[in-house]
Amino acid sequence: MKDIITGLALLFATTTILNAQTTTDAKVEALLKKMTLEEKIGQLNHLKGEYSTDNYKQNVELFSEIKAGHIGALTAWAELPKLTAWQKAAVDSSRLGIPLLYSADIIHGYRTIFPINLGQAASFDLAAIENSERIAAKEATSGGITWNFAPMVDITRDARWGRCMEGSGEDTYYGSKVAEARVRGFQGNDLSDENTLIATVKHFAAYGAAETGKEYNRVDMSERVLRETYLPPFKAAVDANVASIMNAFNVVDGIPASANKFLLTDVLINEWGFRGVTVSDANSFHELIPHGTAANRKEAAEKCIKAGSHTDLWSMIYMQNLEQLVNEGTVNVALVDEAVRRILKFKFELGLMDNPYKYLNQARMDSTIMHPNHLKAAEDLANKSIVLLKNEKQLLPIDTKKVKTIALIGPLADSRENMDMIGEWTGWGKADDVVTIRQGMEARFGKKGKILFAKGGEAWGKCTDELIAEAVKVAQKADLVVLAIGEHGSQSGEAHSRADISLPGNQEDLVKAISKEGKPTVGLIFNGRPLVLTEVEPMLDAILLCWQPGITAGNAVANVLSGDFNPCAKLPITMPYHAGQVPIYYNHLNSGRPKDTTNIGLRWVNGYMDIPNEPLYEFGFGLSYTTFDYSPITLSKSSFSRGDSIIASLKVINSGAYDGAEVVQLYIHDIAASVSRPIKELKNFQRIELKKGESKMVSFKISEDDLKYWNSQMKFEADAGAFQLMIGSSSDIYKQTNFELKN
Ligand code: BGC
19 MKDIITGLAL LFATTTILNA QTTTDAKVEA LLKKMTLEEK IGQLNHLKGE
69 YSTDNYKQNV ELFSEIKAGH IGALTAWAEL PKLTAWQKAA VDSSRLGIPL
119 LYSADIIHGY RTIFPINLGQ AASFDLAAIE NSERIAAKEA TSGGITWNFA
169 PMVDITRDAR WGRCMEGSGE DTYYGSKVAE ARVRGFQGND LSDENTLIAT
219 VKHFAAYGAA ETGKEYNRVD MSERVLRETY LPPFKAAVDA NVASIMNAFN
269 VVDGIPASAN KFLLTDVLIN EWGFRGVTVS DANSFHELIP HGTAANRKEA
319 AEKCIKAGSH TDLWSMIYMQ NLEQLVNEGT VNVALVDEAV RRILKFKFEL
369 GLMDNPYKYL NQARMDSTIM HPNHLKAAED LANKSIVLLK NEKQLLPIDT
419 KKVKTIALIG PLADSRENMD MIGEWTGWGK ADDVVTIRQG MEARFGKKGK
469 ILFAKGGEAW GKCTDELIAE AVKVAQKADL VVLAIGEHGS QSGEAHSRAD
519 ISLPGNQEDL VKAISKEGKP TVGLIFNGRP LVLTEVEPML DAILLCWQPG
569 ITAGNAVANV LSGDFNPCAK LPITMPYHAG QVPIYYNHLN SGRPKDTTNI
619 GLRWVNGYMD IPNEPLYEFG FGLSYTTFDY SPITLSKSSF SRGDSIIASL
669 KVINSGAYDG AEVVQLYIHD IAASVSRPIK ELKNFQRIEL KKGESKMVSF
719 KISEDDLKYW NSQMKFEADA GAFQLMIGSS SDIYKQTNFE LKN
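With the working numbering applied, the sequence shown corresponds to residues 19 to 761, in that order.
This is how it looks when you write it as structure tokens:
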């Protein structure tokens, strides 16, 4: 009986979803029938709100264009009253009254700014990451935003590229999990909920692989690497029902992503069944001309629509050329209709067609923005993002019984300028909201002890002799020195590539001068990308990698320094030993002459003459104030057949003196395959919490799906044979065993 009721309920639910879909589709078709070609193209035209004169250097009078039905969406750089006025113009004065979508880049928070995305990724806490996007969506929708240009899911293996800060690092498996979590966070279960909005995965595709790490540069790679490394996070987002995808600026195999039929139609629509809408990157349709793949804007329009690009962000190329292209028979109107259908569907699904002012509500905004729960979540994620890279003689947590006077030194110690602490892409975030490191530390340590302060350097890491001398004097009076150094928030992000990825300016001089004093010294490193810390590492007794931690920076850093929070983050990206190693990533191929124990004494090996192959800190690495011991791995059986699975288990013991969390990581290596395979690949992980002295069995299920790869026939399949299995606390610290997949 229970089964029948469950079955009926399921049938009812499925029918309701199908009906809803059919009704939306029917409504879209009915509206489409009423539209002129000009109005249809208007829906594909996405312009800048407020900075309208800069829509590809052409003056646009927004109100009259909206009334003419020439605009489908606006990037919302304006306050609610203006957004409401534009919406009113669309609804009351355009012929069909179709409301506008409002877009924005809400990358790591709307007003409550969370750690930068790369820092969030270090938490390996998917629930906390999803929650941060839930909060961002609540705040953004209360500010009228219905279309978000996030998450960025580009895999980044090159620390020179400034946009490392926006992504989840170098790993494809983990990047895919984070992509799903972020899409769920933004879109929730139902787009019609007033707290959810359209998410956009970007930048499709392979933007993170720009040659030489230089922004907007050429991308060239085999289809195998594209499919294996760069596409899976997009596929994961599509499977999680992401509503929108943004094209990349770069060329892929010589063809700009915005006009790349292989990516947009063959893979995205035909293979993956994407039902949402694609959006160009800012003016990227126009950029076909400087790329040298279109002679003029009209040809660019033709190439983009034919490749499968749906909407035009800011270049007005569709608005100005598509009508003529259709009328003269160059472009089939069916392509325009298909793009319009997709955009209209979201206007219905968001509920805008029924209530165009749904997201424009000052009272909701006032009660939502910077809600105390949001600040708490931002602090929690900041705590979880800080990576403990070094802790000689257990210097941390600070023992306040012994340490009475702390010297807090460094250009970033009390700074909220230059996006310090919040990083790039900060939506509606404000520098004034930031709790600086000095404020956080004074609040936490100031009552029982003393915090002395010296800047040590100006903006951009300019450490003058005077400022260094003053800092040294302050250090001399202290029991412990905390150095806040690294990059300004505005030294990473779009168009912020750096060739020299060591500490900016001459901050190394500051570190050297302080270290000569022989005081125990903690380095707080702020960064939007992996930095080369090889020079300063030996001079610091403890190192905390803080990224840009968001508006609660000072609290989070104080929580970790004091031990109120035991660090548990792991590196989602390799920290190079030397800039000459980049792109460097843990899941590389072995080469025929690996520089390892099998080749001792052999001179002609895969390495450098002047630097080691190894990074300074590997992917997945991160210490805790406690210690975790791993037992050997046990397997439920040593081999399994296709369709079957095995369970790998081990015991993790908290053997230290603090409660803590550990990220247990599982890596697999296909020993002999039809193409050379990475020396190891992350295939699963679990974040577990253990009280001191506690132990837990951790188990992972491994099935054929975990072993699949793009083989020599470009089929996604698993080979029978032996596999190496590694489980541990980083990509380099693990227990291992072998198992076999049988035919
Ligand atoms: C960036 C995109 C962003 C867009 C709109 C572009 O320059 O590449 O990531 O969404 O601007 O702000």
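Here a beta-carbon is modelled for each residue, glycine too, at the ideal position from N, C-alpha and C. Quick caveat, the model's predicted, so the values are computed rather than measured.
**Asked** Exposed or buried, what is Ser730 when buried is set at 16 or more other beta-carbons lying within 10 Å of its beta-carbon?
**Response** Here residue 730 refers to the residue found at position 712 of the sequence shown. Ser730 comes out exposed.
**Asked** Does DSSP put Thr34 in a helix, in a strand, or in coil?
**Response** As a working mapping, residue 34 is identified with position 16 in the sequence shown. Bear in mind that the predicted position of Thr34 carries a pLDDT of just 47, short of 50, making it unreliable; the figure below should be weighed with that in mind. Correct three-state label for Thr34: helix.
**Item:** Residue from Leu118, Thr283 and Gly572 whose Cα sits closest to the Cα of Leu426
**Value:** Position 408 of the sequence shown, counted from the start, is the residue given in the question as residue 426. Checking every option, the nearest Cα to that of Leu426 belongs to Gly572.
**Prompt:** Quick one, are the C-beta atoms of Ile745 and Lys753 less than 8 Å apart?
**Reply:** Position 727 of the sequence shown, counting from 1, holds the residue named residue 745. Position 735 of the sequence shown, counting from 1, holds the residue named residue 753. Yes. Within cutoff.
**Request:** Run the CB neighbour count on Ser748, radius 10 Å, all protein chains shown included, and call it buried at 16 or more, exposed below.
**Result:** Reading the sequence shown from its first residue, position 730 is the one you call residue 748. Looking at its Cβ environment, which holds 16 or more other Cβ atoms inside 10 Å, Ser748 is buried.
**Asked** Taking the alpha-carbon positions, what's the Tyr128 to Thr444 distance?
**Response** By 1-based counting over the sequence shown, the position of residue 128 is 110. By 1-based counting over the sequence shown, the position of residue 444 is 426. If I take the Cα positions, the gap works out to 7 Å.
**Message:** Comparing C-alpha positions only, which one of Leu98, Ser112 and Glu68 sits nearest to Leu92?
**Reply:** Working through the sequence shown from its first residue, we reach residue 92 at position 74. When each option's Cα is compared against that of Leu92, the closest is Glu68.
**Request:** Report all residues from its chain with a CB closer than 7 Å to the CB of Leu36; omit the five preceding and five following residues, and keep chain order.
**Result:** As a position in the sequence shown, residue 36 is number 18, starting the count at 1. With a pLDDT of only 46 at Leu36, under the threshold of 50, the placement of this residue in the model should not be trusted; the figure read from the coordinates follows. The answer is none, since no qualifying residue turns up.
**Item:** Buried or exposed (CB count within 10 angstroms, at least 16 for buried), Thr24
**Value:** Numbered from 1 along the sequence shown, position 6 holds the residue referred to as residue 24. With a pLDDT of 47 at Thr24, under the threshold of 50, the modelled position of this residue cannot be trusted, and the question is left open.
**Request:** Using a threshold of 8 Å, state whether the C-beta atoms of Leu114 and Glu79 are closer than that.
**Result:** Along the sequence shown, read from residue 1 onward, the residue named residue 114 stands at position 96. Along the sequence shown, read from residue 1 onward, the residue named residue 79 stands at position 61. No, the Cβ-Cβ distance between Leu114 and Glu79 is not below 8 Å.
**Prompt:** Under the criterion of a Cβ to heavy atom distance below 7 Å, does Asp123 qualify as lining the ligand BGC?
**Reply:** Position 105 of the sequence shown, counted from the start, is the residue given in the question as residue 123. At least one heavy atom of the ligand BGC is nearer than 7 Å to the Cβ of Asp123, so yes.
**Item:** Rounded separation between Ala158 and Val201 - CA only
**Value:** Taking the first residue of the sequence shown as 1, we reach residue 158 at position 140. Taking the first residue of the sequence shown as 1, we reach residue 201 at position 183. Near 15 Å, if we compare the C-alpha coordinates of Val201 and Ala158.
**Prompt:** By a C-beta neighbour count over all protein chains shown, 10 Å radius and 16 as the cutoff for buried, is Tyr626 buried or exposed?
**Reply:** Counting from 1 along the sequence shown, the entry for residue 626 is found at position 608. That one is exposed.
**Request:** Note down, in chain order, each residue of its chain lying with its Cβ closer than 6 Å to the Cβ of Asp176, except the 5 sequence neighbours on either side.
**Result:** Sequence index remark: in the sequence shown, residue 176 carries index 158 (1-based). Gly231, Val600 and Pro601, listed in sequence order.
**Prompt:** What's the C-alpha gap between Leu430 and His506?
**Reply:** Position 412 of the sequence shown, counted from the start, is the residue given in the question as residue 430. Position 488 of the sequence shown, counted from the start, is the residue given in the question as residue 506. Their backbone Cα atoms lie some 8 Å apart in a straight line.
**Request:** Could you please give the first and the last residue of the uninterrupted alpha helix (DSSP H) stretch that includes Asp582?
**Result:** Taking the sequence shown and counting its residues from 1, one reaches residue 582 at position 564. Premise fails: Asp582 is in no alpha helix (DSSP H) and is neither H nor E.
**Request:** Leaving out five residues on either side along the sequence, give the residues of the same chain with a beta carbon under 6 Å from the beta carbon of Asp582.
**Result:** To locate residue 582, count along the sequence shown from 1; it is residue 564. Around Asp582: no qualifying Cβ.
**Prompt:** By Cβ distance, which residues of its chain are closer than 6 Å to His126, with the 5 residues on each side in sequence left out?
**Reply:** Within the sequence shown, numbered from 1, the residue matching residue 126 stands at position 108. So the qualifying residues of the chain are Phe132, Ile134 and Asn135.
**Request:** Provide the residue span of the alpha helix (DSSP H) that contains Ser186, from first to last.
**Result:** Numbered from its first residue, the sequence shown carries residue 186 at position 168. Where Ser186 is concerned, there is no enclosing alpha helix (DSSP H), given that its DSSP letter is neither H nor E.
**Asked** Short check: CB of Gly523 to CB of Cys481, under 8 Å?
**Response** As a first step, residue 523 is located in the sequence shown; it is residue number 505 there, counting from the start. As a first step, residue 481 is located in the sequence shown; it is residue number 463 there, counting from the start. Yes, the pair counts as a contact, with Cβ atoms nearer than the cut-off.
**Proximal residues to Thr423 (C-beta, below 7 Å), its chain only, five neighbours per side dropped** = For this step, residue 423 is matched to residue 405 along the sequence shown. Only Gly467, Lys468, Leu470, Lys495, Ala496 and Asp497 meet the Cβ criterion.
**Prompt:** Considering only the beta carbon of each residue, do Val46 and Lys363 sit closer than 8 Å?
**Reply:** Counting from one through the sequence shown, the residue named residue 46 turns up at place 28. Counting from one through the sequence shown, the residue named residue 363 turns up at place 345. It is a contact, given that the beta carbons lie within the stated cut-off.
**Request:** For the stretch 660-668 and the stretch 204-219, state whether three or more C-beta atom pairs, one from each stretch, are separated by less than 8 Å.
**Result:** no
**Prompt:** Under the rule that 16 or more other beta-carbon atoms within 10 Å means buried, what is Asn373, buried or exposed?
**Reply:** Here residue 373 refers to the residue found at position 355 of the sequence shown. So Asn373 counts as exposed.
**Which listed residue (Phe142, Ser510 and Tyr685) has its alpha carbon closest to that of Ala400** = The residue given as residue 400 occupies position 382 in the sequence shown. Considering only alpha carbons, the answer is Phe142.
**Request:** Look at the alpha carbon of Ser673 and the alpha carbon of Phe646, and state the distance between them as a whole number of angstroms.
**Result:** Walking along the sequence shown from the start, residue 673 turns up at place 655. Walking along the sequence shown from the start, residue 646 turns up at place 628. Each residue's Cα considered, the two are about 6 Å apart.
**Request:** Locate the alpha helix (DSSP H) running through Lys316, then write down its first and last residues.
**Result:** For this step, residue 316 is matched to residue 298 along the sequence shown. Run containing Lys316: Arg315 to Ala325, per the alpha helix (DSSP H) assignment.
**Prompt:** Would the beta-carbon of Ala94 fall within 8 Å of that of Ser121?
**Reply:** Reading the sequence shown from its first residue, position 76 is the one you call residue 94. Reading the sequence shown from its first residue, position 103 is the one you call residue 121. Closer than 8 Å, so yes.
**Asked** By the 10 Å Cβ neighbour count, where 16 or more other Cβ atoms means buried, how is Leu620 classified, buried or exposed?
**Response** Along the sequence shown, read from residue 1 onward, the residue named residue 620 stands at position 602. Per the 10 Å Cβ criterion, exposed.
**Prompt:** Taking three-plus beta-carbon pairs below 8 Å as touching, is the stretch 323-333 in contact with the stretch 181-191?
**Reply:** no
**Cβ-based neighbour list, Val681, same chain, cut-off 6 Å, excluding 5 preceding and 5 following** = Locating residue 681 in the sequence shown gives position 663, counting from the first residue. Once the five neighbours on either side are set aside, the close Cβ partners of Val681 are Phe142, Lys588, Phe703 and Arg705.
**Message:** So Lys195 and Leu144 are supposed to be a Cβ contact under 8 Å. How far apart are they, rounded?
**Reply:** Residue 195 sits at position 177 when you count from the first residue of the sequence shown. Residue 144 sits at position 126 when you count from the first residue of the sequence shown. With 8 Å as the limit, Lys195 and Leu144 qualify as a contact, their Cβ atoms being about 6 Å apart.
**Message:** Could you check whether the Cβ of Met264 sits closer than 7 Å to any heavy atom belonging to the ligand BGC?
**Reply:** Residue mapping note: residue 264 aligns to position 246 of the sequence shown, counting from 1. At least one heavy atom of the ligand BGC is nearer than 7 Å to the Cβ of Met264, so yes.
**Message:** According to DSSP, simplified to helix, strand and coil, what is Asn608?
**Reply:** Reading the sequence shown from its first residue, position 590 is the one you call residue 608. Of the three classes helix, strand and coil, the one that applies to Asn608 here is coil, per DSSP.
**Asked** How should Ala597 be labelled, buried or exposed, when 16 other C-beta atoms within 10 angstroms of its C-beta is the threshold for buried?
**Response** Position 579 of the sequence shown, counted from the first residue, corresponds to residue 597. Label assigned to Ala597: buried.
**Asked** Which residues in the same chain as Trp622 place their Cβ atom closer than 7 Å to its Cβ, once the five residues preceding and following it in sequence are excluded?
**Response** Indexing the sequence shown from 1 puts residue 622 at position 604. Closer than 7 Å at the Cβ level, and outside the excluded window around Trp622, lie Arg611.
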